[in-house]
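K.L.:
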Amino acid sequence: MIVYCANCCEPVEKRAIDVTRAAKIGARLFCSLACVAMQRRVGKTKAQKVAEKRLYDMAYREKNMAMLKAKKRAYFERTYDPRKAAVERKARMHLHVAYCRQPRYKAWKRQYDMKLRASEYGPFADAYLLAIKLNREIKSKATNYEIRSENQTLNKKQARTRQGFAAYSRDRNSSAQGKHA
Ligand SMILES: [Zn+2]
């Protein structure tokens, strides 16, 4: 049977059974797959399609957050190899070190560590931080002499020499006495 393509209107040979079936369900007939594809086009530009897909994906992720998370977790647990991961971490180590050397990171880490140490004191964390600040303030005002006498490190070297000499002469005396006994 000759029918006319629903897209390009060219005549095309079709089996009677197909023509009857198409008429029954209200379907159109085409000369080729290319014409099928052509008439499915809705005339959107590539940029338009990309933008629409992006919005669709965003909505999809939001709607299926729990399912996607479970899926990712399962994939991670199925494929995670600690030894391989260690090698990959090591390969990126220089980047990590560079990151940690940034002044911005250092300042943040100092604050973070301080808070972490203070958190050991529970409800007294603020008091602990205040005590540290106070101590620093006092030290900044104190002279070197005051700090050293407070810590009992004033003339440390001299004190050690004296102690050492005392011990040395004690040993000498005791061994000398031992010889005579
Ligand atoms: Zn056609």
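Taken in order, the sequence shown gives residues 3 to 183; the numbers are from this note's numbering.
The C-beta atom is built at its ideal place from N, Cα and C for all residues, glycine as well.
Between the region 3–19 and the region 30–37, can you find at least three pairs of beta-carbon atoms closer than 8 Å?
P.N.:
Segments in contact, yes.
K.L.:
In whole angstroms, give me the CA-to-CA distance for Met67 and Lys16.
P.N.:
The residue given as residue 67 occupies position 65 in the sequence shown. The residue given as residue 16 occupies position 14 in the sequence shown. Cα-Cα distance, rounded: 49 Å.
K.L.:
Span of the beta strand (DSSP E) holding Tyr82?
P.N.:
What you label residue 82 is simply residue 80 of the sequence shown in a count that begins at 1. Neither: Tyr82 is in no beta strand (DSSP E) and is coded neither H nor E.
K.L.:
Per DSSP, Glu15 is paired with what?
P.N.:
Residue numbering aside, residue 15 sits at position 13 when the sequence shown is read from its first letter. Beta-bridge pairing links Glu15 to Ile4.
K.L.:
Which of the three DSSP states, helix, strand or coil, is assigned to Cys33?
P.N.:
Counting from one through the sequence shown, the residue named residue 33 turns up at place 31. It is coil, neither helix nor strand.
K.L.:
For Ala183 and Ser176, what's the separation of their Cα atoms in angstroms?
P.N.:
By one-based count along the sequence shown, residue 183 stands at place 181. By one-based count along the sequence shown, residue 176 stands at place 174. With a pLDDT of 44 at Ala183, under the threshold of 50, the modelled position of that residue is not reliable, and the figure given next carries that caveat. Going by the C-alpha atoms only, they are around 11 Å apart.
K.L.:
Can you tell which of Leu156, Leu31 and Arg94 has the C-alpha that lies nearest to the C-alpha of Glu12?
P.N.:
Along the sequence shown, read from residue 1 onward, the residue named residue 12 stands at position 10. Taking only the C-alpha atoms, the option nearest Glu12 is Leu31.
K.L.:
Could you check whether Leu131 and Ala120 sit closer than 9 Å to each other, using their CB atoms as the reference points?
P.N.:
Counted from its first residue, the sequence shown places residue 120 at position 118. Counted from its first residue, the sequence shown places residue 131 at position 129. Against a cut-off of 9 Å, the Cβ pair of Leu131 and Ala120 comes out as a contact.
K.L.:
Are there any heavy atoms of ligand 1 lying less than 8 Å away from the beta-carbon of Glu15, as far as the coordinates show?
P.N.:
Residue 15 sits at position 13 when you count from the first residue of the sequence shown. Flag unset: Cβ of Glu15 not near ligand 1.
K.L.:
Mind checking whether the beta-carbon of Glu1 lies closer than 8 Å to any heavy atom of ligand 1?
P.N.:
The requested residue 1 is not part of the displayed model; the chain covers only 3 to 183.
K.L.:
Between the alpha carbons of Ala133 and Ala87, how many angstroms are there, rounded?
P.N.:
Residue 133 sits at position 131 when you count from the first residue of the sequence shown. Residue 87 sits at position 85 when you count from the first residue of the sequence shown. Going from the Cα of Ala133 to the Cα of Ala87 covers about 43 Å.
K.L.:
Round the Cβ separation of Leu70 and Arg63 to the nearest angstrom and send it over; I've been treating them as touching at under 8 Å.
P.N.:
Here residue 70 is taken as the residue at index 68 of the sequence shown, counted from 1. Here residue 63 is taken as the residue at index 61 of the sequence shown, counted from 1. 6 Å between Cβ atoms; contact.
K.L.:
Going by beta carbon distance, what residues of the same chain come within less than 7 Å of Tyr107, once the five residues before and after it are set aside?
P.N.:
Taking the sequence shown and counting its residues from 1, one reaches residue 107 at position 105. Tyr101, listed in sequence order.
K.L.:
Give me the Cα-Cα distance between Arg162 and Val99, rounded to the nearest whole angstrom.
P.N.:
One-based indexing of the sequence shown puts residue 162 at position 160. One-based indexing of the sequence shown puts residue 99 at position 97. Distance between the alpha carbons of Arg162 and Val99 is about 41 Å.
K.L.:
Taking the C-alpha atoms as reference points, what is the distance between Met1 and Arg103?
P.N.:
No answer is possible for residue 1: it lies beyond the span of the chain, which begins at 3 and ends at 183.
K.L.:
Is the beta carbon of Phe32 within less than 8 Å of some heavy atom of ligand 1?
P.N.:
Stepping through the sequence shown from its first residue, residue 32 is reached at position 30. Answer for Phe32: yes, Cβ within range of ligand 1.
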